[in-house]
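Remarks on the structure that follows.
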Amino acid sequence: MEPTREPPMEQERQRGEQVSTHRLLYALVALLGIVAIALLVVLVWLLRPQPTSTAVAAKGCPMDITRSIYGFGTKPGELLVEPLAVAFDGAGNVWVSDTGNARVVEFGPDGKLIRSVGDDGGPGRLHSPYGLSFSNDFQRLYVADWTRREVLIFSAEGRYVQSLPAGDQDLAVFGPDGFSPYDIAVRGAQIVVASNDGLYFFDRSGYVVDRWGGETRGSDVGSFAFPDALAIDPTTGNVYVADTLNRRVIALDGDGNVLWVSGERDEQGKIVGFWQLPRSVVVGPDGLVYVTDTFRAQDRCAGVGHIVVLKPTGELVSEFGAAGRSEDTLSFPEKMAIGPDGTFAIADRENNRVVVFTVGPLPPADPGEASLYEKSFVRFGQ
Numbered sequence: 121m122e123p124t125r126e127p128p129m130e131q132e133r134q135r136g137e138q139v140s141t142h143r144l145l146y147a148l149v150a151l152l153g154i155v156a157i158a159l160l161v162v163l164v165w166l167l168r169p170q171p172t173s174t175a176v177a178a179k180g181c182p183m184d185i186t187r188s189i190y191g192f193g194t195k196p197g198e199l200l201v202e203p204l205a206v207a208f209d210g211a212g213n214v215w216v217s218d219t220g221n222a223r224v225v226e227f228g229p230d231g232k233l234i235r236s237v238g239d240d241g242g243p244g245r246l247h248s249p250y251g252l253s254f255s256n257d258f259q260r261l262y263v264a265d266w267t268r269r270e271v272l273i274f275s276a277e278g279r280y281v282q283s284l285p286a287g288d289q290d291l292a293v294f295g296p297d298g299f300s301p302y303d304i305a306v307r308g309a310q311i312v313v314a315s316n317d318g319l320y321f322f323d324r325s326g327y328v329v330d331r332w333g334g335e336t337r338g339s340d341v342g343s344f345a346f347p348d349a350l351a352i353d354p355t356t357g358n359v360y361v362a363d364t365l366n367r368r369v370i371a372l373d374g375d376g377n378v379l380w381v382s383g384e385r386d387e388q389g390k391i392v393g394f395w396q397l398p399r400s401v402v403v404g405p406d407g408l409v410y411v412t413d414t415f416r417a418q419d420r421c422a423g424v425g426h427i428v429v430l431k432p433t434g435e436l437v438s439e440f441g442a443a444g445r446s447e448d449t450l451s452f453p454e455k456m457a458i459g460p461d462g463t464f465a466i467a468d469r470e471n472n473r474v475v476v477f478t479v480g481p482l483p484p485a486d487p488g489e490a491s492l493y494e495k496s497f498v499r500f501g502q
């Protein structure tokens, strides 16, 4: 017996229904794709960096952001990745420790790329660039590379010159932790470097000629624990140190005598003092001391914030710099620099950019913060 066959008209009808069903499915898939793309566009728009808020400015925020530098293109290798430090040269160009890309990048005042340094192999190859500093004549760039455990020296054109410590330096001078440079400042003929347990003073040949700090890392006055930053006042010769893991800022005179200390140690593993993670210190043209506290995250830009301003004698003047991901906020800010015209720049690490800004009239510090600051401030020798 032959198998039952569908009538030809019925077969055509079923094929037509199948085609219609397939077309409907294709249409639905296409529609869902369009909706998904539309939602993605809306999400990107919602997450876009926001322009500087006039509402923030109206509340007394002194930061006037003039430029954000995210890189020199849009491709992955052209974008900054976790920048940790900045420096200005004499022409106002901005040099950036593009640490995530293991290089230093130079940008003009207009934000355009000039050159990259330390990423072309050879003896000047950078690993983890951190603190940056220029010689007084801006002919030498000093780069602290903490995983390479050296300070690399480049010409103003980015050519590798030498590194320090010198090859035959006795490494025992650096103590049990060894040499891990975090920041650099030039003082006359000396190069001052912050390392694990203190400040090391090198001559131009790369030999240690002086050292400030205890025999090992410590919390007593005169000792240090991973000081991430230092700055030297060119007028007075005073040295300011962000003693990071001791959660304090220290001022010393040119001979290493402690002038004042601000901050206190943790209690039972908890931060209890004013400073939370000070990681940058610079002296402004006004003589004020500007400190970046990476953990001081607040949603206001005036009275509290990531940037703390002190008098040279240690009194708290102001705080500003709100935390966040928008264009007028900071996320895990690192080292800061001040240019020849008074322009500021800060490495905004988690936002993968450098923020260039000017500072207007400073707002007073929050009264509660001022009270907390006073509790941990000690003056010496007066």
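121 is the number of the first residue of the sequence shown in the working numbering; add one for each residue after it.
From the three backbone atoms N, C-alpha and C, an ideal C-beta is built for every residue, glycine too.
Because the structure is a prediction, the values reported are computed rather than measured.
Excluding its 5 nearest sequence neighbours in each direction, glycine 231 has C-beta neighbours in its own chain below 6 Å: Arg187, Ile189, listed in chain order. Between phenylalanine 497 and aspartate 330, the alpha-carbon positions lie close to 28 Å from each other.
For the options Pro405, Gly251, Leu246, Arg223, the alpha carbon positioned closest to that of methionine 456 is the one of Gly251.
By the neighbour-count definition (other C-beta atoms within 10 Å, threshold 16), glutamine 388 is an exposed residue. Taking 7 Å as the cut-off, the Cβ atoms of glycine 241 and isoleucine 234 do not count as close.
Taking C-beta atoms as the reference points, aspartate 413 and glutamine 396 count as a pair closer than 7 Å.
Put simply, of Phe258, Ser253, Ser217 the residue whose alpha carbon is nearest the alpha carbon of leucine 246 is Ser217. By the criterion of a C-beta distance shorter than 7 Å, alanine 207 is surrounded in its chain by Trp215, Leu252, Ser253, Phe254, Ala457, once the five residues flanking it on both sides are discounted. By the C-beta density criterion, proline 347 is buried, having at least 16 other C-beta atoms within 10 angstroms.
Boundaries around lysine 495 are those of the alpha helix (DSSP H), 487-495, since no beta strand (DSSP E) includes it. The region 335-350 and the region 292-312 touch, with three or more beta-carbon pairs separated by less than 8 Å.
Our two residues, serine 446 and proline 182, have alpha carbons roughly 17 Å apart in a direct line. It is roughly 27 Å from the alpha-carbon of glycine 308 to the alpha-carbon of arginine 499.
The residue among Phe258, Gly238, Gly193 with its C-alpha nearest the C-alpha of glycine 210 is Phe258.
In this structure asparagine 471 is buried. Its beta-carbon is surrounded by 16 or more other beta-carbon atoms within 10 angstroms. For valine 201, the secondary structure class from DSSP, reduced to helix, strand or coil, is coil. The DSSP-derived three-state label of valine 293 is helix. Pairing glycine 459 with glycine 212 gives a Cβ-Cβ distance under 7 Å. According to the DSSP assignment, lysine 431 belongs to no beta strand (DSSP E), since it is labelled neither H nor E. According to DSSP, residue pairing for tyrosine 360 in a beta bridge involves Ala351, Ala371. Per DSSP, reduced to three states, the secondary structure at glycine 210 is coil, with no helix or strand assignment.
Rounded to whole angstroms, glutamate 270 and tyrosine 320 show a C-alpha spacing of 12 Å.
In terms of Cβ geometry, glutamate 435 and alanine 485 do not form a close pair [threshold 7 Å]. According to the DSSP assignment, glycine 251 belongs to the beta strand (DSSP E) that extends over 249-254. One alpha carbon belongs to arginine 268, the other to serine 248, and they sit about 7 Å apart.
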